[in-house]
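Heads up, the sequence shown is in numbering that gives the first Met the number 0, so the first residue is 0 and it goes up one at a time.
For each residue, glycine too, the CB sits at the ideal point set by N, CA and C.
Worksheet for the structure shown next.
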Amino acid sequence: MNRLFDQLNLRPQERRLVMLAMIVLFVVINLWLVFPRFDDWRELRQKLSSATETLQRRSEEVAKLPEYKNKLEQLQSEGQFIPPEDQTASLMEIISREAAVANISLTKISPGGGGPIPNNPFFEEQRVTLNGVAAEPDLVNFLRNLGNHPALLRVRDMTLKPDASGTKLAVDLTIVGNYPKKAGPRPKPGFRNPTVLPKS
Numbered sequence: 000m001n002r003l004f005d006q007l008n009l010r011p012q013e014r015r016l017v018m019l020a021m022i023v024l025f026v027v028i029n030l031w032l033v034f035p036r037f038d039d040w041r042e043l044r045q046k047l048s049s050a051t052e053t054l055q056r057r058s059e060e061v062a063k064l065p066e067y068k069n070k071l072e073q074l075q076s077e078g079q080f081i082p083p084e085d086q087t088a089s090l091m092e093i094i095s096r097e098a099a100v101a102n103i104s105l106t107k108i109s110p111g112g113g114g115p116i117p118n119n120p121f122f123e124e125q126r127v128t129l130n131g132v133a134a135e136p137d138l139v140n141f142l143r144n145l146g147n148h149p150a151l152l153r154v155r156d157m158t159l160k161p162d163a164s165g166t167k168l169a170v171d172l173t174i175v176g177n178y179p180k181k182a183g184p185r186p187k188p189g190f191r192n193p194t195v196l197p198k199s
């Protein structure tokens, strides 16, 4: 350092001033560039621990994949498959039987259509609309029996009003039944769809 000062031909006071300026510059650079980075190590450790936890959770779920596949196959084999052309008739028969058990007199029962359920690859739905007359406790029993039925029945729309006699309820219902789709053929293990590469 003295050689540099000797080459610049600086006097002792000028040398002190240059040294002071260099020290101030060093401190400013440290305050500006180095000290703000001290917290980066803590943030990096937090990100690393978070990524490790996420990796561990996902690895555990991937390890459960064979169990999930077995469960899916078991549920698909347990499901009672009814062909789509028979689903509406089956639903109407279930509703008629449950209505008779609950003492509901049906005046009209008609199919309301159906088909695949959006975002659900495992079930199709069928709808039936019905009109009838029932006492309040009978209607409650009918709805409870439908909810407990294994065919996954639910009421989508319901309109109630007093009937002409004023002692019972006139009921308009839309009932939806979910039916499992037939399981399609399974792809062979290791089979992948071929990709078409562009010609170069």
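Collapsed DSSP secondary structure at residue i in the structure displayed
i	result
P109	For clarity, residue 109 is Ser in the given sequence; the question names Pro instead. In this structure, S109 counts as strand in the three-state DSSP scheme.
N69	helix
P179	strand
T51	helix
L7	helix
Q125	strand
T173	strand
S104	strand
Supposed close pair residue i, residue j - CB separation, criterion 8 Å
i	j	result
I93	D137	In fact, because the Cβ distance is near 17 Å, the residues do not count as touching under 8 Å.
I108	V139	I108 to V139, Cβ: 20 Å. No contact.
F122	K180	6 Å
Contact under 7 Å by Cβ, residue i with residue j
i	j	result
T106	N144	no
E84	F141	no
Q125	L152	no
Residue i versus the options, residue with shortest Cα-Cα distance
i	options	result
I174	R41, A20, A150	A150
A134	A169, G111, E42	A169
Residue interval of the alpha helix (DSSP H) (run including residue i)
i	result
D137	135 to 147
Residue span of the beta strand (DSSP E) that contains residue i, given as start and end
i	result
D156	152 to 161
beta-carbon residue i near the ligand NAP non-hydrogen atom, thresh 6 Å
i	result
R155	Among the components of this structure there are no ligands whatsoever, and the ligand NAP is therefore not found.
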